[in-house]
Structures are given as C-alpha cells and as structure tokens.
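Q: Residue numbers (this note's numbering): 23 to 273.
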C-alpha cells in the first residue's frame, strides 16, 4: 500500500507498507468414502459425502500418496478396496491432504437345488439319486460333501449331484458349495437325505441285512427285524417282500 503525507510548512512524505492476510488452516474436512456391492459396473471414487470443505475449494485425486493429483476421479469395478488420496486447495486456506477408501464388496452367489430332501434304500447294492443345482455362471465351481460317508456318498458333475447309498441306514446332510471367486462370495445349500433298507431287508444294528427264509419286510424300512410270513404260507428263499409268497401245500 502506497501512502502520501503532506501538510502546510512541511515537505510531502511518500512511502509504502505491506498489508498481508495469511492463509488459514482448513477446518478439518472429512469424507465418508465410497462403497457398493459388485454388479459389473465401475464405482466412481468421488469420496461420497464431504463435510467442512470451504466454498471455492478444488479437490484433486490420486492413487499414489503425495503425488499425481488430478481432477479425474479414480474408478473401481472388481471387488476390493482402492485407497484414494486427495488434496483440497483454496485461495484462502492452506492445502489439506487426506485419503478415503473406495470399496466394492463381493456379491452374493445365487445357489438353489431342484429339491432339498429325499430317501434312498439299500439292498444287495447301492441305489443312487440325483438333483440339479442352479447358479449364476459367474459363481465359483461346485463341490459337494456329505456329513455321513457311512450312510451315503455324494459327487458332482457339472450341475448334477449324485448321491449313493451304502449298507448303513441313517441320515446324511449333503452340502453343495460354490467356491468364492474374485467378485462373488462362497455360497452353499443343503440336501437332507434319509437311507433305509430295501424291502426284503432289515436293519441289523444299522446295517441292511437280508431277511431269513420264512420272514419278510414289504417296503423300505429301518426295522430291527423281519416279520414272519403268514400262517399257511412259506418263503423258501431269503429276502422275501411278501407276507405270503407261497401257500403251503394243502393250506
């Protein structure tokens, strides 16, 4: 600022002085960051909600701490987190720097079974039963496990799960799992399987055993013993499924 002082009987004096307004510190700006669930489209990392940013400020962004700031906002498509560094500049305030997270969360895989419970029986060999799995193509590969290998085994081919009974009766939970991928969480679904003995067999301490001659069971069961055939009837062989497989002569 230039000034001039004059008065009668005095020489005029001229001079100058400096009038300085020092930049203030910003009032602690804050930012929420960005978050969404993966859907195949890019998330713009603009910081979300900003507070305490003075009017007239400019915000620039970088994915490198301390350098490379630009007005272009970073983006993220795949699941994960990007740390975004920012700088706020203003003619009246000192620069302010900080960071926020830009996060894409993994999506949930849709996994459904064509049925969720069923029954198998066992006689001289294992019986099998299958169900199908429906899932998004983006979900992970399928695997299958059984809670009781002694009761039933399970395998998967493509989207078909096949269960195979053993000689043991009981229950087994078949768990189908879609593995975790870059953008999808692991998912699972369960099938409740019951294994009985076939007709003509009974459960001897939990193991399917053929009915002796003269006895029978007529349907799938977990009976502890077979039933004698009707009076006047006989079963010459083992494994009868009828209460009167043959009439006694003259009976």
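Heads up, the beta-carbon is just placed ideally off N, CA and C, and yes, glycines get one too. All values derive from a computational prediction rather than experimental measurement.
#1: With distances taken between CB atoms, is the gap from residue 265 to residue 247 smaller than 8 angstroms?
#2: How about residue 270 and residue 256: are their beta carbons less than 8 angstroms apart?
#3: Looking at the secondary structure, which residues open and close the beta strand (DSSP E) in which residue 56 lies?
#4: Tell me residue 140's beta-bridge partners as DSSP assigns them.
#5: Taking C-beta to C-beta, are residue 185 and residue 151 nearer than 8 angstroms?
#6: Note down the Cα distance separating residue 267 from residue 251, rounded to an integer number of angstroms.
#7: For residue 223, count neighbouring Cβ atoms within 10 angstroms of its own Cβ and tell me buried if that reaches 16, exposed if not.
#8: Rounded to whole angstroms, what's the CA-CA distance from residue 118 to residue 35? Just pull it up for me.
#9: If you pair each beta-carbon of the stretch 50-69 with each one of the stretch 89-104, do three or more pairs fall below 8 angstroms?
#10: Check residue 23 in the structure and name its three-state DSSP category.
#11: Buried or exposed for residue 30, please, with buried defined as at least 16 other CB atoms from any protein chain shown within 10 angstroms of its CB.
#12: Three-state secondary structure (DSSP) at residue 279?
A: Based on what the coordinates show:
#1: No.
#2: Yes; because the gap between Cβ atoms is below 8 angstroms, this pair is in contact.
#3: Per DSSP, residue 56 belongs to the beta strand (DSSP E) from 56-59.
#4: DSSP output for residue 140 lists 215 as bridge partner(s).
#5: Going by C-beta atoms, residue 185 is nearer than 8 angstroms to residue 151.
#6: Distance from the CA of residue 267 to the CA of residue 251, rounded to the nearest whole angstrom, comes to 8 angstroms.
#7: It is buried - the Cβ of residue 223 has at least 16 other Cβ atoms within 10 Å.
#8: When rounded, the distance between both Cα atoms is 44 angstroms.
#9: A contact exists between the stretch 50-69 and the stretch 89-104.
#10: In the three-state DSSP reduction, residue 23 falls in the coil class, being neither helix nor strand.
#11: Classification for residue 30: exposed.
#12: The chain is shown only over 23 to 273; residue 279 falls outside these bounds and no answer can be derived.
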